[in-house]
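This report concerns only the one structure given below.
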Amino acid sequence: MSAKIRLGILGGGGDSLIGVLHRIASSMYDSYELVGGVFNPNFDENIGFAKEIGIPTNRIYKDFDTMMEEELKLPEDERIQVVSVLTPNFLHFPMAKKLIESGFNVICEKPMTTTYEEAKILQETLEKANTIFAVTYTYTGYPMVRQMKEMIASGVIGKIQKIDVQYYQGWINPIIHDKEKRAATWRLDPEKSGISCCVGDIGTHGFDMIEYVTGMEVESVLAELNYLYSDNKMDIDGTMLLRFPNDIKGLLRTSQIATGEENNFTVKIYGNKGGLKWEQENPNYLYHLTEDEPLKVLKPGHAYNSELSLSGTKLPPGHPEGIFDSMGNIYKGVAKAIRKEPYHPGEFPTMKDGVRGMNFIEKAVDSHKKGNVWVKI
Ligand SMILES: NC(=O)c1ccc[n+]([C@@H]2O[C@H](COP(=O)([O-])OP(=O)(O)OC[C@H]3O[C@@H](n4cnc5c(N)ncnc54)[C@H](O)[C@@H]3O)[C@@H](O)[C@H]2O)c1
113 MSAKIRLGIL
123 GGGGDSLIGV
133 LHRIASSMYD
143 SYELVGGVFN
153 PNFDENIGFA
163 KEIGIPTNRI
173 YKDFDTMMEE
183 ELKLPEDERI
193 QVVSVLTPNF
203 LHFPMAKKLI
213 ESGFNVICEK
223 PMTTTYEEAK
233 ILQETLEKAN
243 TIFAVTYTYT
253 GYPMVRQMKE
263 MIASGVIGKI
273 QKIDVQYYQG
283 WINPIIHDKE
293 KRAATWRLDP
303 EKSGISCCVG
313 DIGTHGFDMI
323 EYVTGMEVES
333 VLAELNYLYS
343 DNKMDIDGTM
353 LLRFPNDIKG
363 LLRTSQIATG
373 EENNFTVKIY
383 GNKGGLKWEQ
393 ENPNYLYHLT
403 EDEPLKVLKP
413 GHAYNSELSL
423 SGTKLPPGHP
433 EGIFDSMGNI
443 YKGVAKAIRK
453 EPYHPGEFPT
463 MKDGVRGMNF
473 IEKAVDSHKK
483 GNVWVKI
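Residue 113 is where the sequence shown starts when you use my numbering, and the numbers rise one by one after that.
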């Protein structure tokens, strides 16, 4: 029996964006072994891809139902232990639900489902099961994001008084102005994507990041979304005002039509004693601002960082780590949970975070549709 956790993957084929990130992340700490799955709905491409990445084809299945049937026939010590769900959004819920019900641990891409209702059903399903469930809000795995969380928790910036998070991309610009391209993109199809494109895809990252680093829950949202064309059913840009307990206020700006932007995810949290600033495109720097001292720039791997941050750094300081490492750290946390080893709750996002993310998407769309009103989350 392998000492490694037997991993299956759904989606993430050679034609996908996110597959390579999960495969590399899962191999980073030598905790997982990819043993099978369904990378692609086309069986020939599926087998071809398995050969290309060098994994045996005997557990590459023609579809999800076949995988479930065949895996459940295997003795438990051979069966896949955890399945990563990397398919387009609409398949997350049916796949994850069946996996949980059948006793598999699940690592699910975000947005966790296509509706808040589905998310609540999934949560109820998990409550009856004894399995681990993680949602890959990838950016929470960065050492300097974890450091930010710990510094805020220990009061370094004092009482939070302003939250400003921005996630700007420009990738939809060349698609959105062309009717045919609009129709061919699954992210703009509500059947496949859910009720939102931009808020669902990257607004949820921003929302989760805010709750992760501040430890506070967003209480209500007022959203102004942008669709650009009347035949486009999905938001591709949105500005959201946020309210937190104790009258704390924040702002979440998201866009997929910020032309020329790549993955400009910037997190700024200000307290009465200072501020913390982090930028995804430059993830190894955490800026600590104060009134009476020069700007401090914190970097990963130094002993001044918290244990949670240090546990996500593998190399001596000065060797840049990036998004692969961030996702690798999430996989590392999940491996500890599966092996019933102790872990910090900040090591991976859970079902609760997935459900809150879906609640947020729904309430942001609701706020916009009702004429930009405050909606409770
Ligand atoms: N965490 C992040 O930062 C992040 C980044 C990008 C995408 N995502 C999420 O990952 C998911 C996939 O996104 P993507 O950009 O890789 O999409 P994609 O369209 O590039 O790839 C989807 C993959 O799923 C496969 N697939 C489709 N139907 C399938 C089926 N029935 N069975 C098995 N495989 C099937 C496709 O062949 C393809 O390989 C989405 O939910 C997306 O929101 C997350």
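All residues carry an ideal CB built from backbone N, CA and C; glycine is no exception.
* Asked: Which residues in the same chain as M113 place their Cβ atom closer than 6 angstroms to its Cβ, once the five residues preceding and following it in sequence are excluded?
  -> Here M113 scores only 39 on pLDDT, less than 50, and its place in the model should not be relied on; the value that follows carries that caveat. Excluding residues within five positions, the ones whose Cβ falls inside 6 angstroms are D189.
* Quick one: what's got a C-beta closer than 6 angstroms to W486's C-beta in the same chain, skipping five residues either side? -> Here the set comprises S332, L334.
* To do: Assuming F216 contacts T178 (C-beta within less than 8 angstroms), just tell me the rounded distance between them.
  => F216 to T178, Cβ: 15 angstroms. No contact.
* Using DSSP with H/G/I as helix, E/B as strand and the rest coil, what is W486? -> Note: W486 maps to coil in three-state DSSP.
* State the DSSP-derived secondary structure class of E336, mapped to helix, strand or coil. => In the displayed model, E336 falls within a strand according to three-state DSSP.
* Tell me whether I159 sits in a helix, a strand or coil according to DSSP, three-state version. => Of the three classes helix, strand and coil, the one that applies to I159 here is helix, per DSSP.
* **Collapsed DSSP secondary structure at S114 in the structure displayed** => With a pLDDT of 49 at S114, under the threshold of 50, the predicted position of this residue should be treated as unreliable, and no value is reported.
* **According to DSSP, residues forming a beta bridge with I237** => The question names Ile, but residue 237 is Thr in the sequence shown. As computed with DSSP, T237 is found in no beta bridge at all.
* Asked: So what does Y279 bridge to, in DSSP terms?
  -> As a beta-bridge residue in DSSP terms, Y279 pairs with T366, F377.
* To do: For H456, name the three-state secondary structure that DSSP assigns.
  => In the structure shown, H456 sits in coil (DSSP, three-state: anything other than H, G, I, E or B).
* Are E221 and L198 close, meaning C-beta to C-beta below 7 angstroms? -> The answer is yes: Cβ separation under 7 angstroms.
* Asked: What residues in its chain sit with their C-beta under 6 angstroms from that of T402, if we drop five residues either side in the sequence?
  -> Annotation for T402: G386 place their beta carbon closer than 6 angstroms to its own, counting only its chain and skipping 5 residues before and after.
* **Residue of Y254, I435, Q235 minimising C-alpha distance to K411** => Nearest option by C-alpha distance: Y254.
* **Own chain, CB closer than 7 angstroms to K232, minus 5 neighbours either side, in chain order** => Excluding residues within five positions, the ones whose Cβ falls inside 7 angstroms are V467.
* With a cut-off of 8 angstroms, do at least 3 Cβ pairs link the region 368 to 382 to the region 274 to 281? -> Pairwise C-beta distances place the region 368 to 382 in contact with the region 274 to 281, as three or more of them are shorter than 8 angstroms.
* Through-space distance from E157 to K163, alpha-carbon basis -> A straight line joining the alpha-carbon of K163 with that of E157 spans about 10 angstroms.
* Asked: Within 10 angstroms of its Cβ, does I473 collect 16 or more other Cβ (buried), or is it exposed?
  -> I473 is buried by the Cβ-count criterion.
* **Rounded C-alpha distance that separates I136 from G483** => Computed Cα separation, rounded: 44 angstroms.
* Asked: So, N285 versus T371, is the Cβ gap smaller than 7 angstroms?
  -> Less than 7 angstroms separates the beta-carbon of N285 from that of T371.
* To do: Using only the heavy atoms of ligand 2, determine whether one of them is closer than 6 angstroms to the beta carbon of P395.
  => Judged by which ligands are present, ligand 2 is missing from the structure shown, whose ligands are ligand 1.
* **Whole-angstrom distance between L146 and F528, CA atom to CA atom** => As shown, the chain starts at 113 and ends at 489. That puts residue 528 outside it, with no answer to give.
* Asked: What is the DSSP secondary structure of E433, reduced to helix, strand or coil?
  -> E433 falls in the coil class under three-state DSSP.
* Which of helix, strand or coil does DSSP assign to H400? -> Three-state result, H400: strand.
* Check whether the region 292 to 312 touches the region 412 to 421, taking contact to mean three or more Cβ pairs, one atom from each stretch, closer than 8 angstroms. => No, the region 292 to 312 is not in contact with the region 412 to 421.
* Just the Cα atoms here: how many angstroms apart are K481 and A115? -> Annotation: K481 to A115 spans about 51 angstroms, alpha carbon to alpha carbon.
* If you draw a straight line from the alpha carbon of Q368 to that of L186, how long is it in whole angstroms? -> Straight-line Cα distance between these residues: approximately 44 angstroms.
* **Assigned secondary structure, K245 (DSSP; H/G/I helix, E/B strand, else coil)** => First, the amino acid is wrong: residue 245 is Phe here, not Lys. F245 falls in the strand class under three-state DSSP.
* **Cβ-heavy atom distance, D347 to ligand 1, below 6 angstroms** => For ligand 1, no non-hydrogen atom lies closer than 6 angstroms to the CB of D347.
* If G120 and F151 are in contact, beta carbons under 8 angstroms, what's the gap, nearest whole angstrom? -> Actually they do not touch by this definition, with Cβ atoms about 10 angstroms apart.
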